[in-house]
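Structure first, then comments.
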Amino acid sequence: MSYNDWSDLKISSLGEIVSGGTPSTKIDDYWDGNISWITPKDLSGYNDRFISRGERMISNKGLNNSSARILPKGSVLFSSRAPIGYVAIASNELTTNQGFKSIVPNSDNYNLFIYYLLRYKTNDIKNIAGGSTFSEISGSAFKNIDIKVPGLHEQKLIANILSSLDDKIELNNKINKNLEELTQTLYKQWFVDFEFPNEDGEPYKSSGGEMVESELGLIPKGWFVKEQGEYFPVITGKKNANIATSDGKYKFFTCSQEVYLTDNYSFEGDAILVAGNGDFNVKYYSGKFEAYQRTYVLIPHNKKLSGILYFAIQHNLNDITSGSRGSVISFITKGHIENFKVVFPNTTKLEKLGNIFKNILISIANNNEENDRLSKLRDELLPKLMNGEIEVPIEE
14 MSYNDWSDLK ISSLGEIVSG GTPSTKIDDY WDGNISWITP KDLSGYNDRF
64 ISRGERMISN KGLNNSSARI LPKGSVLFSS RAPIGYVAIA SNELTTNQGF
114 KSIVPNSDNY NLFIYYLLRY KTNDIKNIAG GSTFSEISGS AFKNIDIKVP
164 GLHEQKLIAN ILSSLDDKIE LNNKINKNLE ELTQTLYKQW FVDFEFPNED
214 GEPYKSSGGE MVESELGLIP KGWFVKEQGE YFPVITGKKN ANIATSDGKY
264 KFFTCSQEVY LTDNYSFEGD AILVAGNGDF NVKYYSGKFE AYQRTYVLIP
314 HNKKLSGILY FAIQHNLNDI TSGSRGSVIS FITKGHIENF KVVFPNTTKL
364 EKLGNIFKNI LISIANNNEE NDRLSKLRDE LLPKLMNGEI EVPIEE
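In this text, residue positions in the sequence shown follow this note's numbering: the first is 14, and each later residue adds one.
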């Protein structure tokens, strides 16, 4: 079927359009139940197509005393305000707040195709949104958006092409998550519990390795208490958020989990990026890049130590971002990072122990680079498949 033969329809023809709701936050019984409740915030920086739960859960009482509705597995979620344009597919029964217009597909339409169609139509939807406080697309306006749709068989062919790319991206994300978790466990074992391999390959501390007193307690003999600032300068990014561009050549790191693009760069090297506020996330990047205000750039003096230093900051992040009395602080300063103390051996031994951390970090970075290439290809194919510029072959 050629693009000219696709059906001219409204979004409402794809299935039932469902809005969400929020139970009263003043009634405890409405919360902390067993019903997944999704807000647009849960999709901020979210990398998968499918979602099963958000930050909070609601109870049956909360569901029954709000406009929230249970959405069946396979429903397509579209954030219709604050902000507009997050899309996900429910991987189980769940509900949402009022920031969504969700589609429960009918039997004539394929949920993965609807997912990609909404991604393709996002800018058009934003352009018809209204609202004085924040942009929002109303239910009636959303239902009446014009779309052009092929038959179910062709929907599946188109969605499967795009999904094959997203499948690999999501697999890489899962691999990276597992690598991060395993390496954090290894970091704790070697640099906190001091069970690094001794000369005989046995765990140092539990095999009777000699420990000596230090300002941080007992540490292995020949190890030292060091301030992190000895291993890298702490430089603050200077750029405003408005330098981000959709097709920039260089990565632009902000305090958000999401990484943006820009046209110029100020930094180059094996860098650890620490968000100075928000959720205080930590990222690693090697190459040319730009950084936002309140984002701290740490480029180690010794490139061989970039892996171990990245995982050290990841492990110690909660302590770095705690106030002197243990209370969580709203932002961190250069001093919080520079002056934080770690226990390390001499450089030669640290390089030797750090090789595995560096290699894992390189593997994670390679997966991220592959994801960038796959994402670019997917984003180039998406409009071409949705506007008929590329026609998928239909078997007779």
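Idealized CB from N, CA, C, for every residue including glycine. If you're wondering where the values come from, they're calculated on a predicted model, not measured in any experiment.
Comparing C-alpha positions only, which one of the options sits nearest to residue i?
| i | options | result |
| --- | --- | --- |
| residue 355 | 84, 328, 366 and 45 | 328 |
| residue 243 | 312, 112, 331 and 378 | 312 |
| residue 62 | 153, 280, 286 and 186 | 186 |
| residue 20 | 122, 201 and 74 | 122 |
| residue 302 | 252, 364 and 395 | 252 |
| residue 295 | 317, 271 and 275 | 271 |
| residue 209 | 126, 240, 330 and 362 | 362 |
| residue 181 | 29, 315 and 386 | 386 |
| residue 104 | 112, 314, 80 and 67 | 67 |
| residue 206 | 189, 30, 192 and 229 | 229 |
| residue 47 | 59, 384 and 65 | 65 |
| residue 373 | 305, 195, 30 and 94 | 195 |
| residue 299 | 379, 51 and 367 | 379 |
| residue 353 | 240, 116, 82 and 107 | 240 |
| residue 234 | 357, 37 and 50 | 357 |
| residue 33 | 42, 236 and 50 | 50 |
| residue 263 | 370, 382 and 193 | 382 |
| residue 283 | 265, 310, 258 and 290 | 310 |
| residue 325 | 371, 81 and 280 | 371 |
| residue 236 | 29, 107, 375 and 360 | 360 |
| residue 307 | 132, 59 and 247 | 247 |
| residue 322 | 369, 30, 254 and 280 | 369 |
| residue 159 | 134, 149 and 176 | 134 |
In angstroms, rounded to a whole number, what distance separates the CA positions of residue i and residue j?
| i | j | result |
| --- | --- | --- |
| residue 72 | residue 114 | 21 Å |
| residue 334 | residue 16 | 55 Å |
| residue 213 | residue 222 | 11 Å |
| residue 89 | residue 204 | 45 Å |
| residue 345 | residue 168 | 49 Å |
| residue 27 | residue 171 | 16 Å |
| residue 92 | residue 98 | 5 Å |
| residue 219 | residue 211 | 10 Å |
| residue 151 | residue 202 | 53 Å |
| residue 166 | residue 394 | 19 Å |
| residue 24 | residue 163 | 13 Å |
| residue 349 | residue 343 | 12 Å |
| residue 405 | residue 120 | 22 Å |
| residue 260 | residue 231 | 52 Å |
| residue 338 | residue 278 | Here the model assigns residue 338 a pLDDT of 38, short of 50, so the residue's position is not dependable and the matter cannot be decided. |
| residue 44 | residue 391 | 39 Å |
| residue 365 | residue 199 | 14 Å |
| residue 398 | residue 184 | 24 Å |
| residue 56 | residue 139 | 17 Å |
| residue 74 | residue 83 | 13 Å |
| residue 102 | residue 87 | 6 Å |
| residue 285 | residue 319 | 8 Å |
| residue 280 | residue 250 | 9 Å |
What are the start and end residues of the beta strand (DSSP E) that includes residue i?
| i | result |
| --- | --- |
| residue 16 | Taken as a continuous stretch (DSSP letters only), residue 16 belongs to no beta strand (DSSP E), as it is neither H nor E. |
| residue 250 | Residue 250 -> no beta strand (DSSP E), and no H or E assigned at all. |
| residue 93 | 89-93 |
| residue 308 | 308-311 |
| residue 102 | 97-103 |
| residue 31 | 28-32 |
List the endpoints of the continuous alpha helix (DSSP H) containing residue i.
| i | result |
| --- | --- |
| residue 393 | 360-399 |
| residue 353 | Segment: none, residue 353 is in no alpha helix (DSSP H) and carries neither H nor E. |
| residue 319 | 319-333 |
| residue 1 | The shown model of the chain, from 14 to 409, leaves out residue 1, and the question about it has no answer. |
Under three-state DSSP, which class holds residue i?
| i | result |
| --- | --- |
| residue 111 | coil |
| residue 48 | strand |
| residue 240 | strand |
| residue 271 | coil |
| residue 84 | strand |
| residue 337 | The predicted position of residue 337 is uncertain, since its pLDDT is 39 and thus under 50; no value can be drawn from it. |
| residue 266 | strand |
| residue 43 | helix |
| residue 60 | coil |
| residue 280 | strand |
| residue 316 | helix |
| residue 293 | coil |
| residue 411 | Nothing can be reported for residue 411, as the shown portion of the chain is limited to 14 through 409. |
| residue 412 | Nothing can be reported for residue 412, as the shown portion of the chain is limited to 14 through 409. |
| residue 36 | coil |
| residue 196 | helix |
| residue 53 | helix |
| residue 2 | The structure shown does not extend to residue 2, since the chain is modelled only from 14 to 409, so the question has no answer here. |
For the ligand SAH, any of its heavy atoms closer than 7 Å to the Cβ of residue i?
| i | result |
| --- | --- |
| residue 153 | Of ligands this structure carries none, so the ligand SAH is not represented either. |
Are the C-beta atoms of residue i and some chain B residue less than 8 Å apart?
| i | result |
| --- | --- |
| residue 122 | Given the protein chain composition of this structure (a single chain), no chain B is represented. |
Fully enclosed by the segment 114-192, which beta strand (DSSP E) runs are 3 residues long or longer?
114-118 and 159-162
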